[in-house]
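Student: Please read through the structure below; I'll follow up with questions.
2 protein chains.
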Amino acid sequence: MWKNTRFTDLVGVEHPLMLAPMAGPGTAALAIAVSEAGGLGGLPCAMLTPEQVEREFNLIINKTKKPINFNFFCHLPNVISEEADRQWRQRLAPYFAEYGLDPAAPSTAPSRNPFGEEMCRLMEAIRPKVVSFHFGLPDAALVARLKQAGCRILSSATTVAEARWLEARGADAIIAQGYEAGGHRGMFLSDDLATQVGTFSLVPQVADAVSVPVIAAGGIADGRGFAAALVLGASAVSVGTAYLFTPEAKVVAPYRAALAKAGETPTAITNIMTGRPARGLVNRFIRDVGPLSPDAPAFPHAAGAVAQVRAAAEAAGSGDFTASWAGQSAALARPTGAAELTRDLVRNCRSIMGVD
Amino acid sequence: MWKNTRFTDLVGVEHPLMLAPMAGPGTAALAIAVSEAGGLGGLPCAMLTPEQVEREFNLIINKTKKPINFNFFCHLPNVISEEADRQWRQRLAPYFAEYGLDPAAPSTAPSRNPFGEEMCRLMEAIRPKVVSFHFGLPDAALVARLKQAGCRILSSATTVAEARWLEARGADAIIAQGYEAGGHRGMFLSDDLATQVGTFSLVPQVADAVSVPVIAAGGIADGRGFAAALVLGASAVSVGTAYLFTPEAKVVAPYRAALAKAGETPTAITNIMTGRPARGLVNRFIRDVGPLSPDAPAFPHAAGAVAQVRAAAEAAGSGDFTASWAGQSAALARPTGAAELTRDLVRNCRSIMGVD
Numbered sequence: 001m002w003k004n005t006r007f008t009d010l011v012g013v014e015h016p017l018m019l020a021p022m023a024g025p026g027t028a029a030l031a032i033a034v035s036e037a038g039g040l041g042g043l044p045c046a047m048l049t050p051e052q053v054e055r056e057f058n059l060i061i062n063k064t065k066k067p068i069n070f071n072f073f074c075h076l077p078n079v080i081s082e083e084a085d086r087q088w089r090q091r092l093a094p095y096f097a098e099y100g101l102d103p104a105a106p107s108t109a110p111s112r113n114p115f116g117e118e119m120c121r122l123m124e125a126i127r128p129k130v131v132s133f134h135f136g137l138p139d140a141a142l143v144a145r146l147k148q149a150g151c152r153i154l155s156s157a158t159t160v161a162e163a164r165w166l167e168a169r170g171a172d173a174i175i176a177q178g179y180e181a182g183g184h185r186g187m188f189l190s191d192d193l194a195t196q197v198g199t200f201s202l203v204p205q206v207a208d209a210v211s212v213p214v215i216a217a218g219g220i221a222d223g224r225g226f227a228a229a230l231v232l233g234a235s236a237v238s239v240g241t242a243y244l245f246t247p248e249a250k251v252v253a254p255y256r257a258a259l260a261k262a263g264e265t266p267t268a269i270t271n272i273m274t275g276r277p278a279r280g281l282v283n284r285f286i287r288d289v290g291p292l293s294p295d296a297p298a299f300p301h302a303a304g305a306v307a308q309v310r311a312a313a314e315a316a317g318s319g320d321f322t323a324s325w326a327g328q329s330a331a332l333a334r335p336t337g338a339a340e341l342t343r344d345l346v347r348n349c350r351s352i353m354g355v356d
Numbered sequence: 001m002w003k004n005t006r007f008t009d010l011v012g013v014e015h016p017l018m019l020a021p022m023a024g025p026g027t028a029a030l031a032i033a034v035s036e037a038g039g040l041g042g043l044p045c046a047m048l049t050p051e052q053v054e055r056e057f058n059l060i061i062n063k064t065k066k067p068i069n070f071n072f073f074c075h076l077p078n079v080i081s082e083e084a085d086r087q088w089r090q091r092l093a094p095y096f097a098e099y100g101l102d103p104a105a106p107s108t109a110p111s112r113n114p115f116g117e118e119m120c121r122l123m124e125a126i127r128p129k130v131v132s133f134h135f136g137l138p139d140a141a142l143v144a145r146l147k148q149a150g151c152r153i154l155s156s157a158t159t160v161a162e163a164r165w166l167e168a169r170g171a172d173a174i175i176a177q178g179y180e181a182g183g184h185r186g187m188f189l190s191d192d193l194a195t196q197v198g199t200f201s202l203v204p205q206v207a208d209a210v211s212v213p214v215i216a217a218g219g220i221a222d223g224r225g226f227a228a229a230l231v232l233g234a235s236a237v238s239v240g241t242a243y244l245f246t247p248e249a250k251v252v253a254p255y256r257a258a259l260a261k262a263g264e265t266p267t268a269i270t271n272i273m274t275g276r277p278a279r280g281l282v283n284r285f286i287r288d289v290g291p292l293s294p295d296a297p298a299f300p301h302a303a304g305a306v307a308q309v310r311a312a313a314e315a316a317g318s319g320d321f322t323a324s325w326a327g328q329s330a331a332l333a334r335p336t337g338a339a340e341l342t343r344d345l346v347r348n349c350r351s352i353m354g355v356d
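Printed below as a string of structure tokens:
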């Protein structure tokens, strides 16, 4: 068995591996497959309404009794000014024109609401084994209610300071999210991208700084990465991008095509898709307008105008405006089933570590 | 003994660990200590004249018969325009004024000349076991002469494409330099910092892409990092920053003071010290003007004007303008002797890997 059982004991799973929540591609089927294979599956709820979360929960509970993680964003809500929205749409005007779209049409982008009262009541009813957060933690009263309901609380840290902050506010484990990670940076105490830290440096420093278990995230896509993260001091790993290559992930065709070419396409951290920095495969939009633009309105409002162009582009078979979130190890991944991937990661890690 | 002996066999050392060449802090004493302890010590020659290199070589050969690496830069020489120099000095004018300096005074910055004919002749006379490069490789004819002289050729790659390029041009081993690494980025096929890759992602992908041994660099400062790099597929590690904490390194007082506070100070990649991106501890100058400035003249010319302010600041006990190069794991390092550090890294790595 595993030498370090701090994470597996904490959340009640067989293997020290969690599915990184990926709002959009993450599905109930993916969560079920990972949890049934002995990892910690999870449902990304950031872009779902409470009704949708409840529906997904019912799908999951029908198929597995294993622990599941429900993941939420907990950013401070921003209001977009008319001026900022106008400027952003003006910046994107050539693309609206290219696809014959009305830049004044209302956006159909899915909401990205922070965790609040309604979701908390739902979690108190569902009582999942794990609730995890990105961008810090919600109000202390909400955290206390989740703990009272028996939920283990996880959140992401991108620096040692963020890890200490989370531990002090009750996180039961810290996800150390290295620079390599795909998707949104969990950063919340600083917005300085220049000082974000690679997985190799972040994991041992966070492990030294906190007394709760550390979960390494960022760049882990095969057994080597799994084993190396444990060697660095992690009690578990969080794997996201590799699961995008499974049929259980809901990945639109242009996104899947971009992933298949990950070996030839770099990733970059960009703020132009949503307003917050997130790592994805570089495409035309990122090359033209990003990767970082001061014109992008605050999260999540940049996404509104982009979603309109993206939908038209995707309908035309183009991924030019698709947020193809991926980590820097995307090229190490291969298409396979989610259960098989979980078993492969475990088997290859154990083989490298010489564990039976 | 070590399971993977590809690097140790290639260069004839006991342990799969090389001292990262650090132009400035690197000394003959440091090289000797690491090589005598069974690693691959090295002399950074980028800021030395051929006469100085020969003098250091004589110091080294008197103290050790073990393999030594001689490291050079091989950038394409740039000429600075009067206009660019004038603009840069204007940008720095407040600092010249602060220290009562004449911005028109000629710079006393040490030269950073690329490897050329004279150094090649010296290497042919010295015949070191290893010659390594940063920023690519010199002309094929020079590489061929070094190989003819029996030197193993190493160079740094920051992407898979650079690793393939180096292997195709005769590199006998590739240093995979991750984003975490201190000092100058070795990047030479691209100047796009946004797509630079963390050690965790870079090492396995380079190991998969080339058939020569891979040396992991960036974020390795203790036995955990050493072991994790080998698990990721490296045949050896390159350790730099941790050796800055040894008395054998020539580290000016403000730099040493900054290193001692590495736990509270982030690092960033900056181009304002020399004109090329390099990672160092953030200080006043980087906060004010950087970390990245389009005003910085091309490498190495930015260094001229900065050196004048830096010298005056250091004389006044300030590290505000000191290039305190350091990697993202600097806070993991502790003051100790270079031989002891080498032995500790080896012992802790072997203990973690369960090797006797």
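Top to bottom, those sequences are chains A and B. Heads up: the first sequence begins at 1 in our numbering, then just goes up one per residue. Heads up: the second sequence begins at 1 in our numbering, then just goes up one per residue. Just so you know, even glycine gets a beta-carbon here, dropped at the ideal spot from N, CA and C.
1) Please tell me whether G218 of chain A has its Cβ less than 8 Å away from any Cβ of chain B.
2) Can you find a CB in chain B that lies within less than 8 Å of the CB of F188 of chain A?
3) A268 of chain B touches chain A at which residues, Cβ-Cβ below 7 Å?
4) Once DSSP output is grouped into helix, strand and coil, what is the label at G136 of chain A?
5) Just how far apart, CA to CA, sit G198 of chain B and I153 of chain B?
6) In the region 166 to 189 of chain A, which residues sit with their C-beta less than 8 Å from some C-beta in chain B, listed in chain order?
7) Is the CB of I352 of chain A under 8 Å away from at least one CB in chain B?
8) When you compare only the Cα positions, how much space is there between A236 of chain A and L17 of chain A?
9) In this structure, how does DSSP classify W325 of chain B when only helix, strand and coil are distinguished?
10) Which residues in chain A have a C-beta closer than 7 Å to the C-beta of T199 of chain B? List them in chain order.
11) For R343 of chain A, which residues from the same chain have a beta carbon less than 7 Å from its beta carbon, with the 5 sequence-adjacent residues on both sides left out?
12) Do you know offhand how far F70 of chain B's Cα is from C120 of chain B's?
13) By how many angstroms is the C-alpha of F285 of chain B removed from the C-alpha of G100 of chain B?
14) Any C-beta of chain B within less than 7 Å: which residues of the region 233 to 245 of chain A qualify?
15) Which runs of the alpha helix (DSSP H) fall wholly inside the region 86 to 140 of chain A and span at least 4 residues, in chain order?
16) In the DSSP assignment, find the alpha helix (DSSP H) that holds N62 of chain A and state where it starts and stops.
17) Excluding the five sequence neighbours on either side, which residues of its own chain have a C-beta within less than 6 Å of the C-beta of V210 of chain A, listed in chain order?
18) Please go through the region 179 to 245 of chain A and give each complete beta strand (DSSP E) segment of 3 or more residues, from N-terminal end onward.
19) Here's a check: name, in chain order, each residue in its chain whose Cβ is nearer than 7 Å to the Cβ of V160 of chain B, leaving out the five neighbours to either side.
20) Report the rounded CA-to-CA distance for E222 of chain A versus S351 of chain A, giving the unit in angstroms.
21) Determine, for G225 of chain B, whether the minimum Cβ-Cβ distance to residues of chain A falls below 8 Å.
22) Report the rounded CA-to-CA distance for V214 of chain A versus P213 of chain B, giving the unit in angstroms.
23) Starting from the beta carbon of L332 of chain B, find every residue of chain A whose beta carbon is closer than 9 Å, and list them in chain order.
24) Using 8 Å as the cut-off, can you tell me whether the region 279 to 297 of chain A makes contact with the region 334 to 349 of chain A, which would need three or more C-beta pairs spanning the two stretches below that distance?
25) Which residues in chain B sit within 9 Å of A140 of chain A, going by Cβ to Cβ distance?
26) Look at T27 of chain A and E248 of chain A and say whether their C-beta atoms are less than 8 Å apart.
27) When you compare the CB of P291 of chain A with every CB in chain B, is at least one pair closer than 8 Å?
28) Locate the alpha helix (DSSP H) running through S351 of chain B, then write down its first and last residues.
29) Beta carbons nearer than 8 Å to chain A: which residues of the region 321 to 345 of chain B have them?
30) For a contact defined as C-beta to C-beta under 9 Å, what are the partners of V355 of chain B on chain A?
31) If you draw a straight line from the C-alpha of R127 of chain B to the C-alpha of L146 of chain B, how long is it?
32) Can you tell me where the alpha helix (DSSP H) with S35 of chain A in it begins and where it stops?
33) Could you tell me how far apart the beta carbons of F115 of chain A and P138 of chain A are, in whole angstroms, since I believe they sit closer than 8 Å?
34) Checking contacts by CB at 8 Å: is A28 of chain A closer than that to chain B?
35) Give the straight-line distance between the Cα atoms of G150 of chain B and A141 of chain B, rounded to the nearest whole angstrom.
36) Less than 8 Å separating the beta-carbons of A326 of chain B and L259 of chain B?
Tutor: Judging by the given coordinates:
1) yes
2) no
3) A194 and T195
4) coil
5) 24 Å
6) G178, Y179 and E180
7) yes
8) 5 Å
9) The answer is strand: DSSP assigns W325 of chain B an E or B state.
10) G198 and F200
11) A37
12) 11 Å
13) 17 Å
14) G233
15) Counting only runs of 4 or more, we get 93 to 98 and 117 to 126.
16) P50 to K63
17) A163, E167 and I174
18) 214 to 217 and 236 to 239
19) Q205, V206 and A209
20) The displayed chain sequence assigns Asp, not Glu, to residue 222 of chain A. Computed Cα separation, rounded: 12 Å.
21) yes
22) Between V214 of chain A and P213 of chain B, the C-alpha separation is close to 31 Å.
23) Here the neighbours are S201, P204, Q205 and D208.
24) no
25) The contacting residues do not exist; A140 of chain A stays about 26 Å from chain B at best.
26) Against a cut-off of 8 Å, the Cβ pair of E248 of chain A and T27 of chain A comes out as a contact.
27) Any Cβ of chain B closer than 8 Å to the Cβ of P291 of chain A would place that residue at the interface, and such an atom is present.
28) A338 to M353
29) G327, Q328, S329, A331 and L332
30) What V355 of chain B touches in chain A: nothing, since even the nearest Cβ is about 10 Å away.
31) 8 Å
32) A28 to E36
33) 5 Å
34) Not one chain B Cβ lies under 8 Å of A28 of chain A.
35) Going from the Cα of G150 of chain B to the Cα of A141 of chain B covers about 14 Å.
36) With contacts defined by Cβ atoms closer than 8 Å, A326 of chain B and L259 of chain B form a contacting pair.
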